[in-house]
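What follows is a single structure, written as structure tokens, with notes after it.
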Amino acid sequence: MGHVEPGGPVAAPVKRRRRLTPIWREGQAPHPVWDLWWALKKRFSLVGAPASWFGTPGAWTYFGNDFVTGLRRNGSTQDAFDLMDARPDLVEAVRDLALLNLKRQEQMFQFIALLYVSVPVTLVLGMAQLMPQALIRLATEQRTGTMILVGALTVGALVYLVGMWRARQLVSVIELWRIERGPVKPAQPSRRAASGAK
Numbered sequence: 098m099g100h101v102e103p104g105g106p107v108a109a110p111v112k113r114r115r116r117l118t119p120i121w122r123e124g125q126a127p128h129p130v131w132d133l134w135w136a137l138k139k140r141f142s143l144v145g146a147p148a149s150w151f152g153t154p155g156a157w158t159y160f161g162n163d164f165v166t167g168l169r170r171n172g173s174t175q176d177a178f179d180l181m182d183a184r185p186d187l188v189e190a191v192r193d194l195a196l197l198n199l200k201r202q203e204q205m206f207q208f209i210a211l212l213y214v215s216v217p218v219t220l221v222l223g224m225a226q227l228m229p230q231a232l233i234r235l236a237t238e239q240r241t242g243t244m245i246l247v248g249a250l251t252v253g254a255l256v257y258l259v260g261m262w263r264a265r266q267l268v269s270v271i272e273l274w275r276i277e278r279g280p281v282k283p284a285q286p287s288r289r290a291a292s293g294a295k
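In this note's numbering, the protein residues as written are 98 to 295.
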């Protein structure tokens, strides 16, 4: 509400602009499952992906017919198990989030593969048939720029590929937890909360 200044008009209330952020602050999420989700996804970040390829038990079991024992022995898997053991009532909800995230990752990777690979290759093949000499001259004269462009497109596609792989890994870890612990029913709202919602 505004306030009256002596001898002046009513001052308008000061409106604070909400700052848009990709995540909520702790305790401000619309559902408790988000806190568990953020804690889990930190264990399967893109930054930690290279280390997981060489420095974890799972990295040395990508041969043969057993791809789950090494994954279970990973430190990130045990950390995820500890987080889910603390909130077993949220595991089914966080599993749904992980599956939705994986679906969106796959959709984005398909789009990136189409945009970064199919379209440039189609353009290059079309120029090779219509103007082969011009294409060769362009690649020769702009060799550095061509290499930078190809490298940027390759790195971009690889980043999305690794992101999709980490999303699948997180889903697999949640499934491992459900296998060992058994599916846990989500927490039911209390009778007081249910009666208040009516």
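C-beta atoms are modelled at their ideal positions from N, C-alpha and C, and glycine is treated no differently.
How far does the alpha helix (DSSP H) with residue i in it reach, from first residue to last?
{"i": "Ala183", "result": "172-183"}
{"i": "Phe343", "result": "Nothing about residue 343 can be reported from this structure: the residues present for the chain run from 98 to 295 only."}
{"i": "Pro147", "result": "146-151"}
{"i": "Ser142", "result": "Per DSSP, Ser142 belongs to no alpha helix (DSSP H) and is neither H nor E."}
{"i": "Met228", "result": "Note, Met228: premise wrong, no alpha helix (DSSP H); not H, not E."}
{"i": "Tyr257", "result": "240-278"}
Are the Cβ atoms of residue i and residue j separated by less than 9 Å?
{"i": "Ala190", "j": "Val130", "result": "yes"}
{"i": "Tyr213", "j": "Ala177", "result": "no"}
{"i": "Leu168", "j": "Val268", "result": "no"}
{"i": "Ala136", "j": "Leu199", "result": "no"}
{"i": "Gln266", "j": "Phe141", "result": "yes"}
{"i": "Ala146", "j": "Ala195", "result": "no"}
{"i": "Pro185", "j": "Arg278", "result": "yes"}
{"i": "Val221", "j": "Leu232", "result": "yes"}
{"i": "Glu272", "j": "Arg192", "result": "yes"}
Measure how close the beta-carbons of residue i and residue j come, nearest whole angstrom, since I'm counting them as under 8 Å.
{"i": "Val259", "j": "Leu133", "result": "Contact flag wrong, Cβ pair sits at about 23 Å."}
{"i": "Phe206", "j": "Met261", "result": "5 Å"}
{"i": "Trp274", "j": "Val188", "result": "7 Å"}
{"i": "Tyr159", "j": "Ile209", "result": "Contact flag wrong, Cβ pair sits at about 24 Å."}
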